[in-house]
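Everything on this sheet refers to the single structure shown next.
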Ligand code: C2E
Ligand code: MG
Ligand code: MG
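Numbering (the numbering used here), first residue to last: 1296 to 1713.
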């Protein structure tokens, strides 16, 4: 017998009974049934949350969407199955909404459900992973990271370390790396940007952090040239306040010159959260960097202010398609259409494309079919420190095989040179 607790919201008594029986036939006996949203809420109040909620969408009075919001906000269900006569596009929209609200969506099914469908759903529940710890870690405020008497940029800059994540083509050839900052904190340990970038922004430290990462990225590129004869292309994330610096372009060129690197090794990934009108001076600086050979990438294309309008405002040469459009692309033809559309547009604009967040073999196969030029993601490698990247590169050279990420590997591979 499965120790699962399931709630069914269904206003058709015949369907409700059939579902109940199918669950019993699958050894699920702890079943709460409700023919209205109010009855479902009452059951949840009386008997507590459930592992799986099976939700019809259209009903008289409050509808399934209301129950889904209630389940998500109150943490009353771990996972959801949508079962409805609604059109597929509507059901998919609801699935996405539920996912964004934190519910694991096990199935998005047309009525009537069959025993086989329900069996698949229960199997999908068994494959759910425990909530990863990283998702429940809250961002720090600066005072938790730097002693209040010591909030000087000098006291932390040495602790900001560039990690590097490879980008490869579909044959597995290394095309370059993206530098991703980590805070090697003396007390809190190795922190990913999600835990400290907002504090950095509030403290006005984004500019020194960016110069630190740029410096380490170019150092890495020069180190690879020293070892292998050819510089490694590197991409660095650039926030809008850094772009707004009057001397941004000449300082970047001076850094490249100090490392004796051609501008073509550097890609600036522009991060846009708000729509900003680029100033003439800023645009001039970016155009100058482009003319010298630097590449300019629009990061997280399609999210926030990284939109088509932005694409036409700045002289971008690369477009990065974010994980949100990629993960699950194998199972969702609409996601595949979005990625294919972005690829088509980029080709017409003679832009490079990098697809981020490629985690699974299935997603990788789908991208193969779409003939994506460059991919980045845990399927290839996680971000790693400079020493580990050099080791990773030399190991690949000797074995020529696709490295596959181990399951349950930590978010970042702890730096092995420490
Ligand atoms: P981003 O520039 O879009 O970087 C991609 C993020 O996706 C990275 O997160 C990377 O570790 C993560 N990632 C890569 N492959 C996968 C995958 O297969 N699955 C999943 N789920 N995630 C994957 P990270 O390193 O935590 O960085 C988050 C964001 O922080 C970056 O997003 C960027 O916006 C910002 N950031 C990172 N480094 C810097 C920096 O030096 N300066 C600035 N201003 N922002 C930075
Ligand atoms: Mg980026
Ligand atoms: Mg990105």
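C-beta: ideal position from N, C-alpha, C; glycine also.
Keeping to the same chain, check which residues put their C-beta closer than 7 Å to that of residue i; ignore five residues upstream and five downstream.
{"i": "residue 1642", "result": "none"}
{"i": "residue 1611", "result": "1591, 1592, 1593 and 1646"}
{"i": "residue 1464", "result": "1470, 1668 and 1669"}
{"i": "residue 1663", "result": "1465"}
{"i": "residue 1551", "result": "1513, 1558 and 1561"}
{"i": "residue 1414", "result": "1321"}
{"i": "residue 1423", "result": "1374 and 1399"}
{"i": "residue 1448", "result": "1500 and 1503"}
Check residue i in the structure and name its three-state DSSP category.
{"i": "residue 1482", "result": "coil"}
{"i": "residue 1406", "result": "coil"}
{"i": "residue 1505", "result": "helix"}
{"i": "residue 1394", "result": "helix"}
{"i": "residue 1354", "result": "coil"}
{"i": "residue 1308", "result": "helix"}
{"i": "residue 1548", "result": "helix"}
{"i": "residue 1521", "result": "helix"}
{"i": "residue 1601", "result": "coil"}
{"i": "residue 1302", "result": "strand"}
{"i": "residue 1676", "result": "coil"}
{"i": "residue 1464", "result": "coil"}
{"i": "residue 1624", "result": "helix"}
{"i": "residue 1592", "result": "strand"}
{"i": "residue 1471", "result": "strand"}
Could you name the residues of the same chain whose beta carbon sits closer than 8 Å to that of residue i, not counting the 5 residues immediately before and after it, in chain order?
{"i": "residue 1526", "result": "1516, 1517, 1519, 1520, 1556, 1557 and 1560"}
{"i": "residue 1624", "result": "1630, 1631, 1634, 1658, 1661 and 1662"}
In chain order, what residues of the same chain have a beta carbon less than 6 Å from the beta carbon of residue i, not counting five sequence neighbours either side?
{"i": "residue 1688", "result": "none"}
{"i": "residue 1403", "result": "1377, 1386 and 1390"}
{"i": "residue 1598", "result": "1617"}
{"i": "residue 1317", "result": "1410 and 1413"}
{"i": "residue 1511", "result": "1457"}
{"i": "residue 1330", "result": "1306"}
{"i": "residue 1543", "result": "1580"}
Please look up how many angstroms separate the CB atoms of residue i and residue j, rounded, as I've assumed it's under 8 Å.
{"i": "residue 1360", "j": "residue 1325", "result": "In fact, because the Cβ distance is near 25 Å, the residues do not count as touching under 8 Å."}
{"i": "residue 1474", "j": "residue 1530", "result": "7 Å"}
{"i": "residue 1596", "j": "residue 1614", "result": "5 Å"}
{"i": "residue 1677", "j": "residue 1460", "result": "7 Å"}
{"i": "residue 1327", "j": "residue 1352", "result": "Not quite, the Cβ-Cβ distance comes to about 18 Å (not below 8 Å), so this is no contact."}
{"i": "residue 1534", "j": "residue 1505", "result": "7 Å"}
{"i": "residue 1393", "j": "residue 1347", "result": "The pair is not a contact, with the Cβ atoms about 12 Å apart (cut-off 8 Å)."}
{"i": "residue 1435", "j": "residue 1491", "result": "6 Å"}
Going by DSSP, what residue range makes up the beta strand (DSSP E) through residue i?
{"i": "residue 1657", "result": "Not the beta strand (DSSP E): residue 1657 falls in the alpha helix (DSSP H), residues 1656-1665."}
{"i": "residue 1285", "result": "Residue 1285 lies beyond the stretch modelled for the chain, which goes from 1296 to 1713, so this question has no answer here."}
{"i": "residue 1731", "result": "Absent from the model: residue 1731. The displayed extent of the chain is 1296 to 1713, so no value can be given."}
Can you tell me where the alpha helix (DSSP H) holding residue i begins and where it ends?
{"i": "residue 1495", "result": "1492-1498"}
{"i": "residue 1535", "result": "1535-1538"}
{"i": "residue 1574", "result": "Neither: residue 1574 is in no alpha helix (DSSP H) and is coded neither H nor E."}
{"i": "residue 1334", "result": "1332-1342"}
{"i": "residue 1366", "result": "1359-1368"}
Return yes when the C-beta of residue i is under 7 Å from any heavy atom of ligand 4, and no when it is not.
{"i": "residue 1535", "result": "With respect to ligand 4, the structure shown offers nothing to examine, as its ligands consist of ligand 1, ligand 2 and ligand 3."}
Environment of ligand 2 in chain order, Cβ to heavy atom below 5 Å: 1532, 1564 and 1594
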